[in-house]
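Chains as they are written, first to last, in this note's numbering: chain A, 80 to 265; chain B, 25 to 814. Quick notes on the structure that follows.
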């Protein structure tokens with residue numbers, strides 16, 4: 080559990096530790112800080128985007144213990160002790176995740192703003208269901224809005240990635256699992 | 025050399041941009057962090073129309089971490105409370121006397137972090153004296169309406185402009201003598217482009233150098249630089265505007281917004297960088313919307329179906345400030361491109377603009393300067409006319425579309441259309457969807473109570489503003505530009521005055537260079553958006569990039585080729601006249617094996633140039649287009665309406681687009697599918713309206729609906745290729761065609777399905793309750809917002 084502390088100006092602070100892309104990260108945060116802001120401003124992982132203020136768009140989607148969640152609708156303190164995967168944790172420095180490859184191959188992105196959230200929602204689907212139908216893909220991504228593509232190529236991209244994963248025998252390269260500790264105050 | 029293999033013209037080249045975006049390594053405005061940066065939040069008016077009696081900011085100042093609270097009064101001290109708009113009106117930056125729309129900017133709080141800034145906004149107390157709001161332009165134009173813009177000297181009513189075009193006398197004569205006149209009235213509702221990334225800026229005014237660096241979400245960073253110089257009275261060489269990666273624009277990011285100006289003022293006053301990133305609700309309630317236009321339209325016809333003339337009266341709802349981003353000579357954009365694809369001898373259009381208590385805008389959301397309205401009204405009028413004649417809607421179009429030998433063709437409103445094959449385009453669409461078979465199926469289904477409908481939209485639109493005789497913004501002619509530098513190793517950097525927001529310029533411009541010079545596209549890096557480095561250009565909107573900046577890329581490449589030819593002659597030790605070009609290589613006429621590559625010429629430009637030749641291999645081109653480009657399309661929707669609920673489903677959608685030569689077919693198709701999705705959204709679910717108190721309905725994603733994967737239908741794409749005769753590579757613009765032409769296809773299909781009840785029009789969005797009501801009553805459904813006192 081997070082431990083309450085106080086900043087000198089009296090604002091309540093909690094110390095939290097979150098595993099982000101396989102790295103253990105610790106931070107002092109206000110309880111009201113949204114997870115999306117911890118990732119973006121606190122940890123500099125700016126691939127996670129914010130496209131709305133009512134939890135509709137899914138641009139902030141990350142994996143939370145493997146499940147897709149909208150990080151604009153979770154407090155950073157709620158992630159204490161959990162595992163978070165962001166777009167920066169997809170693939171490895173030398174190898175793209177099949178989902179990333181699929182989006183490029185099938186022209187599943189234009190401005191790129193929805194892309195990180197969209198790919199993580201797709202990743203969660205493929206992990207759960209290695210042979211999704213077009214309908215499965217459309218349903219799994221229905222919490223992620225895109226303004227550019229009209230979705231048709233995104234669906235193709237996810238099916239491409241599922242095919243590639245199956246051809247690989249399932250299970251793509253995991254992100255680095257080093258146990259570095261980083262202290263910061265947000 | 026195989027042009028497609030090196031990523032030249034016609035290659036469906038994978039995008040250069042994707043490599044960073046799929047890794048989360050794009051750099052959007054909110055990703056930029058500067059040392060000492062502060063954060064700004066804006067306090068917005070909760071009321072649509074009210075006098076400001078007082079603003080108490082003391083509690084906000086008292087919050088630890090708050091560095092500055094800006095009010096209109098403070099802005100006025102710097103002559104920044106008001107700013108000019110791109111339509112030669114003025115717009116309040118921070119309200120001083122009154123608020124004139126809900127969501128208007130009233131004050132700003134600048135603090136150490138955005139959470140504190142928002143606490144500060146909550147702590148400001150404003151005392152308002154409410155005034156009667158007006159949200160319907162017809163009410164605004166009534167003689168006794170209170171004057172919204174009482175800040176403007178000499179403004180005695182709520183009219184923002186009056187404009188007309190065409191031959192009034194000739195049109196009136198035709199209408200007096202026609203066999204039949206078909207009339208229809210419609211409202212194109214207010215919608216919002218809502219790019220997934222909202223607007224934002226970071227202003228960094230360096231007190232040491234006097235230089236302002238402004239990161240901002242701009243589709244036209246050079247225009248922003250010139251506008252900021254004008255508004256903030258800063259010298260243009262000491263303003264650097266950087267428009268980094270943009271998370272979509274869709275016309276929302278052309279204007280200069282009060283938030284940008286406030287961040288600049290905030291940085292000047294604090295001496296620190298100030299970041300402002302609006303939230304979604306702020307984006308929807310205060311930034312540039314699209315449409316909001318009323319039409320009374322008429323077509324005069326012969327009984328055999330030949331159109332003789334058109335007459336249109338439109339009223340635009342401008343909101344509280346006339347701030348459309350459009351060429352200065354055209355008050356209602358290029359609305360007069362209506363009926364450009366048809367053989368109509370004469371026409372007349374009148375247009376009135378009205379101020380209302382609503383947010384400013386009008387030109388946005390893939391509208392090509394009001395062409396969305398022009399083509400929607402045109403295609404709805406055409407369907408109504410066909411129905412009035414009792415004629416098949418496809419046949420009515422076929423007999424009235426301009427024939428292939430008509431080009432270049434003069435339209436009834438004075439445009440010159442460059443090229444077209446409209447009959448072929450329509451036929452490809454009808455064949456693809458199986459039109460005749462569908463009509464049989466539809467008739468049989470109706471006997472069993474099933475409501476099937478088919479809707480067609482055929483259109484052409486003017487893209488690529490535009491030639492210097494007619495087109496300017498703030499007096500600056502609407503050219504565009506490219507600068508190309510070839511390095512000694514034959515790799516190159518290209519910069520243009522356009523600004524991509526996802527359209528793939530970094531990929532496609534390199535393809536034009538590959539086509540012109542034979543340099544592999546992968547060897548050309550493309551940059552846009554930094555006014556210190558990119559050549560001056562007018563930016564990206566109205567699908568003008570390929571017609572104008574794309575042409576400039578061609579022209580600068582040809583300049584480089586001309587110099588490379590001299591270098592080749594030197595290297596080959598022959599005279600220039602004896603040098604022949606094939607893609608990527610010069611050779612000696614009559615001795616094809618004696619040649620040098622473009623890369624060898626590049627090396628020679630730095631290491632072995634002939635005596636008297638300036639070293640280096642680079643140049644620039646500013647392109648003043650001779651005409652607009654006129655892509656065209658045929659869109660056909662097939663729908664089924666549920667008579668019990670009014671819900672309609674898209675059974676099939678066929679799109680046939682002709683944008684001339686396709687630089688990158690993959691990217692063209694992506695543009696079309698995105699545009700069709702916007703068209704479907706507008707037709708089926710999307711609008712912003714206002715209640716009688718001036719409250720916006722549609723100011724967040726809970727009720728301003730964007731289709732997801734689940735609602736969006738599949739699209740079947742086809743093409744016809746009719747090159748643009750005046751463009752260096754025969755390419756036309758295309759980015760907006762589907763949004764311009766698509767909505768009428770959907771609405772025409774629903775009207776076709778329910779027309780047996782006598783319904784002639786249901787205003788967009790064609791919501792199930794509207795369809796149900798129309799089916800029940802047989803009456804048209806108007807989507808106009810309420811008149812106060814109704």
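For every residue, glycine included, the Cβ atom is placed at its ideal position computed from N, Cα and C.
- When DSSP reads this structure, residue 106 of chain B sits in a beta bridge with B:116.
- Interface annotation, residue 143 of chain A: not in contact with chain B, CB-CB separation never under 7 angstroms.
- Take residue 84 of chain B, set aside five residues on each side of it, and the residues of its chain with a beta-carbon closer than 7 angstroms to its own are 90, 93, 133, 144, 147, 148, in chain order.
- At a cut-off of 4 residues, the continuous stretches assigned as alpha helix (DSSP H) that sit fully inside the stretch 550-601 of chain B are 575-596.
- Between residue 488 of chain B and residue 652 of chain B, the C-beta spacing is below 7 angstroms.
- Among the residues facing chain A, residue 492 of chain B is not included, as its CB has no counterpart in that chain under 7 angstroms away.
- Residue 243 of chain B and residue 782 of chain B have their C-alpha atoms spaced approximately 45 angstroms apart.
- In the DSSP assignment, the residues bridged to residue 379 of chain B are B:343.
- Residues of the same chain with a CB within less than 7 angstroms of the CB of residue 496 of chain B, apart from the 5 flanking positions on each side, are 351, 352, 502 in chain order.
- Contact between the stretch 745-758 of chain B and the stretch 179-199 of chain B is not established, with fewer than three Cβ pairs separated by less than 8 angstroms.
- Residue 408 of chain B carries a helical assignment under DSSP once its states are collapsed to helix, strand and coil.
- Within the stretch 182-201 of chain A, the residues whose Cβ lies closer than 8 angstroms to some Cβ of chain B are 182, 183, 184, 186, 188, 189, 190, 191, 192, 193, 194, 195, 198, listed in chain order.
- No Cβ of chain A is located within less than 7 angstroms of the beta carbon of residue 770 of chain B.
- The DSSP-derived three-state label of residue 734 of chain B is coil.
- Contact check between the stretch 206-223 of chain B and the stretch 527-535 of chain B: fewer than three CB pairs, one atom from each, fall below 8 angstroms, which does not count as touching.
- Sequence-distant Cβ neighbours of residue 768 of chain B in its own chain, meaning closer than 6 angstroms and more than five residues away, are 400, 403, 404, 481.
- By a beta-carbon distance limit of 8 angstroms, residue 173 of chain B contacts residue 179 of chain B. Their separation comes to about 5 angstroms.
- Interface residue (Cβ-Cβ distance to chain A less than 7 angstroms): residue 46 of chain B is classified as such.
- Residues of the same chain with a CB within less than 6 angstroms of the CB of residue 374 of chain B, apart from the 5 flanking positions on each side, are 188, 337 in chain order.
- Looking at B:60, B:678, B:70, B:289, the one whose alpha-carbon comes closest to that of residue 738 of chain B is B:678.
- A Cβ-Cβ contact shorter than 7 angstroms links residue 477 of chain B with residue 773 of chain B.
- Between the stretch 312-331 of chain B and the stretch 412-430 of chain B there are three or more C-beta pairs closer than 8 angstroms, enough to call the two in contact.
- Contact check for residue 663 of chain B against residue 674 of chain B passes: the beta carbons are separated by less than 7 angstroms.
- Among the residues of chain A, those whose CB is under 8 angstroms from the CB of residue 739 of chain B are 229, 231, following chain order.
- DSSP places residue 427 of chain B in the coil class of the three-state scheme, outside both helix and strand.
- Around the beta-carbon of residue 281 of chain B, 16 or more other beta-carbon atoms lie within 10 Å, marking it buried.
- Contact between the stretch 374-394 of chain B and the stretch 203-213 of chain B is not established, with fewer than three Cβ pairs separated by less than 8 angstroms.
- Residues 669, 670, 671 of the same chain have their beta carbon placed closer than 6 angstroms to that of residue 792 of chain B, with the five preceding and five following residues left out of the count.
- Assigned with DSSP and collapsed to three states, residue 276 of chain B falls in coil, not helix or strand.
- Beta bridge pairing from DSSP links residue 265 of chain B with B:238.
- Here the alpha carbons of residue 213 of chain A and residue 239 of chain A stand approximately 11 angstroms from one another.
- Taking C-alpha positions only, residue 178 of chain A is separated from residue 156 of chain A by approximately 29 angstroms.
- Residue 92 of chain A has a beta carbon lying at 7 angstroms or more from every beta carbon in chain B.
- The beta carbon of residue 260 of chain B sits closer than 7 angstroms to those of 249, 250, 253, all from its chain and outside the five residues before and after it, given in chain order.
- For the pair residue 771 of chain B and residue 707 of chain B, the CB atoms are nearer than the 7 angstroms cut-off.
- When DSSP states are grouped into helix, strand and coil, residue 335 of chain B belongs to the strand group.
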